[in-house]
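Participant: Here it is, the structure, as structure tokens.
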Amino acid sequence: MPVDYNRELNTQQRVAVFHEKGPALVVAGAGTGKTRTLVYRVARLVEQGIDPRRILLLTFTRRAAQEMARRAAKILGTTQPQKVRGGTFHAFANEILRTWGKTMGLGQFTIVDRSDMEDIVAHLRVELEFVPDRASGDRTQQGSRRSRRFPQKHTLAEIFSKTANTQQELGVVLEKEWPHFSQYLEELSQLRDAYHTYKRTKGLLDYDDLLSELLRLLETKQYVRERIAANFSEILVDEYHDTNRLEVDILRVLVTPGGNIMAVGDEMQAIYAFRGGSFENIMRFEDDFPGAKVYKIEENYRSSQPILNFANAVMEKAKRHRGKKLFSTTKPEGPLPRLIACQDEAQQSLVIADEIVRVHEQGIALEHIAILFRSSYHSFDLEAELSRRNIPYVKYGGFKFAETAHVKDALSHLRWMENPQDVVAAQRALMLLIGIGPVTARAIAKKVSNFSSVADGLAAFNPVGKSSQALGALAEAFSSAEAAQSPADALAAIAVYLEDSLMERFDDYPKRIKDLEHLVAIASRFKTTRRLIDHLALEPLNETITGVEGVENEEEPLTLSTIHSAKGLEWKTVFVISVLDGFLPQDYAFRSIEELEEERRLLYVALTRAKDELVVTYPMTITAGRAERVFAKPSQFLDSIREEVLTPVIAVSEELSEIIYPAPEQRWGKSRDEGF
DNA sequence: CAGACGACATTTTTT
DNA sequence: ATGTCGTCTG
């Protein structure tokens, strides 16, 4: 059955969907049906007879890719579009490198995540003696003092990652973002070399390597490039404003001149500069892909006009923008957004919880409500309040389930089993044992790496001393894990083995044991351990541990999310909390105009998630440092926003449990009088 | 060489 | 309020 493009799309969308050949850039504002356009583009291509397997859809998150394939399938009424190859740049790179890496000497490899990266760098730092080394005995006063200000491991990882993502020299990156560490240029350079060597000899790739190795492959192996380019006759890229230089370079070699690439993005929503993302890529699309056509989609379908007025007002003062203004013809009316000033953070939580109850009573399901914030920890207080009231929620962003210690522990065992040469995983697993520290762990890991199975390796030497019993238990666990028929069974064996250690180490071990069961359930969806491990490294579950345990599901939960994790999503009612100078914009951002502007776009992204009702809140006082209450200033982005656009409200409480604030339809003057 | 202790800084956002 | 790094002890 043919798709009725005339009915389903507006003129601007349709023009983009019917783009014929060659490169195209679709500049689409928030809520203008960006995804819709891509989905129909896929449908259109498939309808034209293009094999869906030859369409490559690169998106920023897995959620986006799945959503798109699902919706395309719905339109076409077939499962065809499910065959569209899609995923993140990193997942795509992984796939290609697994297939073609051998051609450039890249054999089996393991993906190391950020914390692995940090551990490796920390280890190398000791080896290179950038910290006082106990073994060397040479502990001069100077050496000790010098090491004091040497960057911490997470900073080191950040610096190295940034140079990879922006394709810039170490010195340049340091000068620009970490000038206070410029003095260590030489050491950092050495350390980075050591890190690269370490990875190469151990068969490890970090996230950045996935991209740069893919680029290297495409640039050095002509025939591989041609095979892949020929295989993907249509490339679609979502969220183009958040791509970094490395990703664009990959696209440039992958797309033959005049080839079919369609990128979709909105320079006003660029919020990933910290990972090298740059909306400049949107600005220079025509230079990168000569002959490109540019399409614009401006009409917003998501939000009511009052919400758009507010969002537009925030962007009006943006330093660099195209004067693009969102408008709605379908939703001209709606309640005005409100700005609620609360006494403090505790009251803010109470106000939000009360508001949620009110909205919910008006018939809006919890799943259509979201609370957004700049940083993960901004919601801690609110989370406590929600739990107290038994309001179910899921939290996205911040600490991830896959990054919690116990999950990483379990996965390390699995990784070690899969690849006995994976010494990073091995060390983590071994150090859990009493009596085994970094040195012994490394020694054992090295010995075991000569065997093709960890169980064999551990069995080959009979350990003596206090750790022998523990090592015996470990060997046993590996025997049963390796004998397992599926990744899930293997993981289950490991989970059982780990229980004692969890009980030993954590107060909340029942929860953690449950988490591992959850992990086993996830594992059961995978046929091979390799795939399971890759999947968890590339697309870690975004839910945080707190949210996972839900109330017995009477109703879909409420969403709590960082603004970053909310990108591309929408809700009927949206609350943006803690919109304070220092929170949003984050105090770090005051270093430069560029960073401040990115924070402004972040607020813009948050506001444009709302369909019908939007509430912004901030506490008037915050606890700064040592229990001192200080007055806080609402975000500078709210300065001089007129009251016809944003209704200011002051939440007043006699007691903390009783708060007076106006219902959304009430206007400012009246409600404020009532408030006092 | 492992592990405990204490001083200190450090609190973003993601693949 | 937490993690990281250095130092000290057995």
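In this note's numbering, the protein residues as written are 889 to 1564. Where is the CB? At the ideal position from N, CA and C, for every residue including glycine.
Thinking C-beta only, is Phe1198 closer than 8 Å to Pro1225?
Facilitator: Contact flag set, yes.
Participant: Just to confirm my understanding: we take Gln1474, look at its own chain, exclude 5 residues before and 5 after, and list those with CB closer than 8 Å. What are they?
Facilitator: Within the same chain, Gln1474 has close Cβ partners Arg1262, Ser1263, Glu1487.
Participant: So which of Asn982, Val905, Gly919 has the shortest CA-CA distance to Ile1421?
Facilitator: If we check each option's Cα against that of Ile1421, Asn982 comes out closest.
Participant: Helix, strand or coil: how does DSSP classify Thr925 here?
Facilitator: In the structure shown, Thr925 sits in a helix (DSSP, three-state: H, G or I).
Participant: Can you tell me whether DSSP reads Ala1258 as helix, strand or coil?
Facilitator: The answer is strand: DSSP assigns Ala1258 an E or B state.
Participant: If you draw a straight line from the C-alpha of Ala1290 to the C-alpha of Gln1524, how long is it?
Facilitator: Roughly 36 Å separates the two Cα atoms.
Participant: For Met1508, which three-state DSSP category applies?
Facilitator: Coil at Met1508, not helix or strand.
Participant: Is the Cβ-Cβ distance between Lys1041 and Ala1010 less than 8 Å?
Facilitator: Against a cut-off of 8 Å, the Cβ pair of Ala1010 and Lys1041 comes out as a contact.
Participant: CB-CB under 7 Å to Ala1298, same chain, minus the five flanking residues each way: which ones, in chain order?
Facilitator: Closer than 7 Å at the Cβ level, and outside the excluded window around Ala1298, lie Leu1379, Ile1382, Ala1383, Leu1386, Leu1404, Leu1407.
Participant: Compute the Euclidean distance between the alpha carbons of Arg1002 and Thr1218, then round it to the nearest angstrom.
Facilitator: Those two C-alpha atoms are separated by around 45 Å.
Participant: For the region 1298-1322, which segments carrying the alpha helix (DSSP H) assignment without a break, of at least 4 residues, lie completely within its bounds, in sequence order?
Facilitator: Whole alpha helix (DSSP H) segments, 4+ residues: 1311-1319.
Participant: Can you give me the start and stop residues for the beta strand (DSSP E) that Pro1039 sits inside?
Facilitator: Element bounds for Pro1039: n/a, residue is neither H nor E.
Participant: Excluding the five sequence neighbours on either side, which residues of its own chain have a C-beta within less than 7 Å of the C-beta of Leu1390, listed in chain order?
Facilitator: Excluding residues within five positions, the ones whose Cβ falls inside 7 Å are His1294, Tyr1397, Arg1400, Ile1401.
Participant: Using the Cβ count rule (16 or more neighbours within 10 Å means buried), how would you classify Ala1314?
Facilitator: So Ala1314 ends up on the buried side.
Participant: Straight-line CA distance for Ser1237 to Ala1498?
Facilitator: Their Cα atoms are separated by approximately 20 Å.
Participant: What does the alpha-carbon distance come out to for the pair Ala1409 and Glu1255?
Facilitator: C-alpha separation (whole angstroms): 24 Å.
Participant: Within the same chain, show all residues whose beta-carbon is closer than 7 Å to that of Tyr1083, passing over the 5 residues directly before and after it, in chain order.
Facilitator: Closer than 7 Å at Cβ, skipping near neighbours: Ile1008, Val1009, Leu1012, Phe1048.
Participant: Can Ala912 and Asp1154 be called in contact, C-beta distance under 8 Å?
Facilitator: Not closer than 8 Å, so no.
Participant: In terms of residues, what are the limits of the alpha helix (DSSP H) holding Trp988?
Facilitator: Its alpha helix (DSSP H) spans residues 977-988.
Participant: Cα-Cα, which of Trp1459, Thr1447, Glu1485, Leu1491 is closest to Leu1468?
Facilitator: Among Trp1459, Thr1447, Glu1485, Leu1491, the Cα nearest to that of Leu1468 belongs to Leu1491.
Participant: Do three or more CB pairs link the region 1476-1485 to the region 1271-1288 at distances below 8 Å?
Facilitator: With the cut-off at 8 Å, the region 1476-1485 and the region 1271-1288 do not touch.
Participant: Taking just the CA atoms, how far does Arg1037 sit from Asp1026?
Facilitator: Summary for Asp1026: the model assigns pLDDT 37, below 50, so the residue's position carries little reliability; its value from the coordinates is reported in the next sentence. So the alpha carbons of these two residues sit roughly 19 Å apart.
Participant: Could you pull out every residue in the same chain whose Cβ sits closer than 6 Å to the Cβ of Gln1332, ignoring the five residues on either side in sequence?
Facilitator: The question names Gln, but residue 1332 is Ile in the sequence shown. Correct list, in chain order: Leu1318.
Participant: Between which two residues does the alpha helix (DSSP H) holding Ser1389 run?
Facilitator: Per DSSP, Ser1389 belongs to the alpha helix (DSSP H) from 1375-1393.
Participant: What does DSSP give as the partner residues of Phe1519 in its beta bridges?
Facilitator: Thr1509, per the DSSP bridge assignment.
Participant: Beta carbon of Phe1120, beta carbon of Leu964: below 8 Å?
Facilitator: Contact: no.
Participant: Going straight from the alpha carbon of Lys1087 to that of Gly1251, what length do you get?
Facilitator: Their backbone Cα atoms lie some 55 Å apart in a straight line.
Participant: Could you check the C-alpha separation between Leu1058 and Tyr1284 for me, to the nearest Å?
Facilitator: Whole-angstrom Cα-Cα distance: 33 Å.
Participant: Between which two residues does the alpha helix (DSSP H) containing Lys1399 stretch?
Facilitator: Its alpha helix (DSSP H) spans residues 1397-1411.
Participant: Could you tell me the distance, in whole angstroms, from the CA atom of Arg902 to the CA atom of Asp939?
Facilitator: Answer to the nearest angstrom: the Cα atoms are 21 Å apart.
Participant: With DSSP as the reference, label Ala912 as helix, strand or coil.
Facilitator: Three-state DSSP puts Ala912 in a strand.
Participant: Buried or exposed for Phe1366, please, with buried defined as at least 16 other CB atoms from any protein chain shown within 10 angstroms of its CB.
Facilitator: Classification for Phe1366: buried.
Participant: Can you look up Arg1276 in the DSSP assignment and give me helix, strand or coil?
Facilitator: Of the three classes helix, strand and coil, the one that applies to Arg1276 here is helix, per DSSP.
Participant: Can you give, in chain order, each stretch of the alpha helix (DSSP H) that sits fully within the region 1159-1196 and has at least 4 residues?
Facilitator: Here the runs fully enclosed are 1168-1171, 1173-1176.
Participant: Please report the distance separating the alpha-carbon of Phe980 from that of Gly974.
Facilitator: The straight-line gap from Cα to Cα measures roughly 8 Å.
Participant: Got a sec, what are the start and stop residues for the beta strand (DSSP E) Ser1449 sits in?
Facilitator: Taken as a continuous stretch (DSSP letters only), the beta strand (DSSP E) holding Ser1449 covers 1446-1450.
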